[in-house]
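First up is the structure itself, then whatever we jot down about it.
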């Protein structure tokens, strides 16, 4: 479509904003300089004709894979050409090239190379790293098996050492042991780091990593003994060749086991690794990325839904008047604004974890691991909490766009299918919540035995002070001021304390009745998940509130304070039962909270479009006809539809094949 | 052979599966007919859906057209007719994967909205497929709010024709099924103008494609609206009309007629229109909403006893994931809902049949209640079931994300039901309007329809439960649901009145209360669903363990609703904090009880493997083997990737090492 002027509704919305969106963008990016650099990189990609292509919605899966691999190879070359090396800048570049979608080299760049760096010996690095860096070797990371995911010890692939030839023999002994899901494995990679149970001298030594060549260099044909392929169509991830790998007596040299930590000597002697807490660090890092991803994906969906709701007019609010913008309906605001507030909250949580990780990482290299367990526990829960919330939120945004949200041109279906696996990968969410719960239970036990705990769980210390009183800890009266974020943080704290205590007591009661610890834990797990959720919710409210004090510009601070209040109050409204049951708030106060939520909707309404503009997504990155910056939705939907594969010919061939013969016969 | 992990689940069923299936079908004879239809369809290779997950949009569309054409032949062959007992099972057996569904809507709208002469002319043509019809109401810029449609039909007395136009881009017809590529005719809804005066929205039969070569008629622009989340087999279309002339006789004129001189005549009651909407909303619940949730439960629960992960007890085998409380808490409430809504659907169907009989006797008294219930339940059930399918999908971890699990397509299909035939929020507000009206009437001592008489009997008691077992008493929980529904309706009514009395205009006051109104409407429907389930269980046969297991599911359905919405029940102190702990305990105990019958309960839905079309959910539980075999059939594995020669090869051969 030719350049069109901005839709009048959106123009009006932007003119009415009470703050400057750029200032808020700077806060999200981490300073004006970061914003400038991000836009510079964005322009580098978007102005590059090499990265242009047809709308992916109209391509088949093979074509999408092909486009992705084409862009990925260019991307690697151009990144080096431009000398972009900062991890965040690489992330931006990649994200603009692939428009927020996965790509076939993700595992090579994100897992294969880093694993070589951290787990290979210097000799192995000499052999593999440079070829991999230069993409003569393309690798993936093959951990998950068809029958085994989160529970790593259950993996079945075996690597048996044969001292006579000094080789490992790799086998997939059962159907369930076939490696399944690794990205880039199906068609792209010629090597894989394979996790397998190591057997040497007749003993199983547990899981270890091996570098396994899978395809012939030159012809790219699978090697003898290797069965490899694509796992077929998925909900999303069309551009990714998630693959399977089956190995039958496939032999690799002894030197292909990653041996920086554990080793197998030529005679088969196994040398144990020194304890390795560092892997904790990697997990924390990846989970912090998912928290950031939750924020970004939800922000994209909110941008689309809110802009479209300002452009779309429907029904009547006042008899006789023109149809209003659907964003003026209270029910629409109630669907979207709490999600907008959530997107902001998660941005700040993501930034906090990243900063904390970098700070603690410094401590780790100095040998101080004291903060790691808490951070590890916290990020597990926050990964689950934010990805669950964002997952549901993206769907709500799509639903709020009515029928057109269902069309692929809205872009939200794509955001959803790309994002939703993060509830599963890098630790299934329920399992993550239970990890956090384990830490909470441990902290609770420490407190009840008279020790102090620190960090985000320090509120549990209050429990011991309350111990003399027979009632629930949270039954003490908290004076909650519903217009004061700091006071709401206290309310969330009380809720978390109450649910942690209640889960702990239920766990103890089960332990008293049942035979095994595991059984008791299982029978309490619904309570435990609730406790973790309450803990994470508290952390999010606390971090959002803390962020407000750092904002210099008064207008921006005002609008963020409104969002923060909405986030906190909406959460109370939705979980009113917890606050009522614990006596933290009375029924009358809950009614006030509900009322205050609705009043905040009206307060935020004039800034809604400016608040999504502040996320600063480029139209190309947003990939949505409904969410275009200029708001010219309908004209462009028509243009878009004309390119549909079904419209390639004027009369579809099925007319001649099926319709016409039928009509002739009847 | 059946996977022993799945087989063992069937050994311990507490009830007779076949009996339950018959109950769901409405009798053993119905089960027999259904199975015969399914067998006839599934044994015919033309109807196979085996490769569905690998097909492109074009291929899916073509297959659906082929199936629609073949179905005519099949029906003839089998002696099935549109009025026969088999007919309702055909769609289920095809899993909806067939074209020309809008053709039926086209015919129905002519039957309902057309004059006798129009019916006599068009219905035989449509029945013989001499033409293919569609139904064009929604526009690019306009959906639920019909009065806002912008397409115009101007009457020209000189030629006795209507001139149809799409005056601007937002007026383009958008979304109608079968219209993008297939339809030759469509019923177009347009604003009628006579002598410059607008008479509102009316239906017109418009030919859009040639009956000879299928090319578009002069003045018509039509095509496919592009890829969607699902329904790849349907050519949802757009339609742009430019001075398209149709004869005066093409305006459907049962209720309104334009005379040759341009006189506009209204005849008969239009209330029947409301009845049509009601009938569509009720009829979609079974096939479009309940079936997908039942299928999703079948897949997820069978997979959850085959999948083993981590250990519950040290030294033992890894546990079936269905033995984890958290997994039960995800899936079993969905299973309970699938049963609950099955009985709700029966209740609505019965009410509808009664209403239909009344209407034939020209008595329209039941219409408001029917309209309110069908709107509210359409919204509630689609929302619940859509969320339920998604929970099932995510409960299957990574493999749920594969199309081969069958779950993504069930999800993307069912979620459209939240939007079509009335957007859910708007429908709930219609129910709320009815509730407020009835509440006011009841408060003033006037009579109200049966489903809302409870609104008059406001009691200010407290929940009488003393221990967790009391919460397994239907009286106790039904009363709690009733209390919440009354409280939400009465407090919203009071709020509305306050606002209006304080000088806020009526429509503004309404808008300011809509969030609460939606909650009240949901609470009302939830109450009716729980009450109906409990009453149904009462009446069930006590033999073969059926009543007992249904009672468990009813309890679970009710307690899950309280557990996930504790605030509503604690508010105003009807339920105490201690009672809420009892609810939680009773609820969690039930999970373990129903767990034992989970597999038989999904077996009772009686889906064949072909209809599930899932690598994870087959009856024999050979999950991994099937997943592996299916994946190998993927086109991505059939050919050498063209990407290798074109992009990978140069990449692998050192393009970079030069840098």
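Chains as they are written, first to last, in the working numbering: chain B, 2 to 667; chain A, 122 to 780. Even for Gly, the Cβ is constructed at its ideal location relative to N, Cα and C. Just so we're clear, the structure is a prediction, and the values are computed from it rather than from any experiment.
- By the Cβ neighbour-count rule, residue 205(B) is exposed, with fewer than 16 other Cβ atoms within 10 Å of its own.
- The distance from the Cβ of residue 301(A) to that of residue 346(A) is about 6 angstroms, consistent with a contact at the 8 angstroms cut-off.
- Note that the C-beta distance between residue 539(A) and residue 503(A) is below 8 angstroms.
- Annotation: residue 730(A) to residue 164(B) spans about 49 angstroms, alpha carbon to alpha carbon.
- Cβ proximity to chain A below 8 angstroms picks out 58, 59, 61, 62, 63, 66, 67, 70 from the stretch 50 to 70 of chain B.
- If you look at residue 730(A), you'll find it in the alpha helix (DSSP H) that goes 730 to 733.
- Sequence-distant Cβ neighbours of residue 700(A) in its own chain, meaning closer than 7 angstroms and more than five residues away, are 584, 586.
- Annotation for residue 397(A): 233 place their beta carbon closer than 7 angstroms to its own, counting only its chain and skipping 5 residues before and after.
- Interface annotation, residue 698(A): in contact with chain B, CB-CB separation under 8 angstroms.
- Chain-ordered, the chain B residues with CB closer than 7 angstroms to the CB of residue 632(A) read 318, 330, 331.
- By the rule that beta-carbons nearer than 8 angstroms mark a contact, residue 295(B) does not touch chain A.
- Listed in chain order, the beta strand (DSSP E) runs fully inside the stretch 128 to 193 of chain B are 140 to 143, 159 to 163, 168 to 172, counting runs of at least 3 residues.
- For the 8 angstroms CB-CB criterion, residue 606(A) and residue 683(A) do not form a contact.
- CA-CA distance, residue 488(B) to residue 587(B), rounds to 15 angstroms.
- The beta-carbon of residue 177(B) is placed less than 8 angstroms from the nearest beta-carbon of chain A.
- Distances from the CA of residue 209(A) to each of 598(A), 374(A), 151(A) were compared; the closest alpha carbon is that of 151(A).
- Residue contact check for residue 752(A) against chain B: a CB pair falls below 8 angstroms.
- For a Cβ distance threshold of 8 angstroms, residue set 263, 264, 265, 266, 269 of chain A lies close to residue 315(B), ordered along the chain.
- Within chain B, the C-beta atoms nearer than 7 angstroms to that of residue 539(A) come from 400, in chain order.
- A Cβ-Cβ separation of about 10 angstroms leaves residue 420(A) out of contact with residue 452(A) under the 8 angstroms criterion.
- Residues of the stretch 130 to 141 of chain B whose Cβ lies closer than 9 angstroms to any Cβ of chain A, in chain order: 131, 132, 134, 135, 136, 137, 138, 139.
- The bridge partners DSSP lists for residue 274(A) are 285(A), 313(A).
- A straight-line Cα-Cα distance of about 14 angstroms links residue 728(A) and residue 212(A).
- From the beta-carbon of residue 431(B), the residues of chain A found nearer than 7 angstroms are 447.
- Scanning chain A for C-beta atoms nearer than 8 angstroms to the C-beta of residue 145(B) yields 519, reported in chain order.
- Taking all protein chains in view, the Cβ of residue 319(A) is surrounded by fewer than 16 other Cβ atoms within 10 Å, so the residue is classified as exposed.
- Looking only at 384(A), 468(A), 259(A), the smallest Cα-Cα distance to residue 658(A) is reached by 468(A).
- Listed as beta-bridge partners of residue 318(A) by DSSP are 315(A).
- Taking each of 722(A), 707(A), 644(A) in turn and checking the Cα distance to residue 688(A), the smallest one comes out for 644(A).
- Proximity of residue 638(B) to chain A, defined by a Cβ-Cβ separation below 8 angstroms, is satisfied.
- Contact annotation: residue 341(B) and residue 564(B) have beta-carbon atoms nearer than 8 angstroms.
- Taken atom to atom, the span from the alpha-carbon of residue 536(A) to that of residue 383(B) is near 28 angstroms.
- Against chain B, the beta carbon of residue 529(A) has neighbours under 7 angstroms at 236, listed in chain order.
- A residue is called buried once 16 or more other Cβ atoms fall within 10 Å of its Cβ, and residue 48(B), having fewer, is exposed.
- Taking a cut-off of 8 angstroms on C-beta distances, the stretch 278 to 298 of chain A touches the stretch 360 to 376 of chain A, as three or more cross pairs fall below it.
- In this structure, residue 332(B) places its C-beta atom within 8 angstroms of the C-beta atom of residue 546(A).
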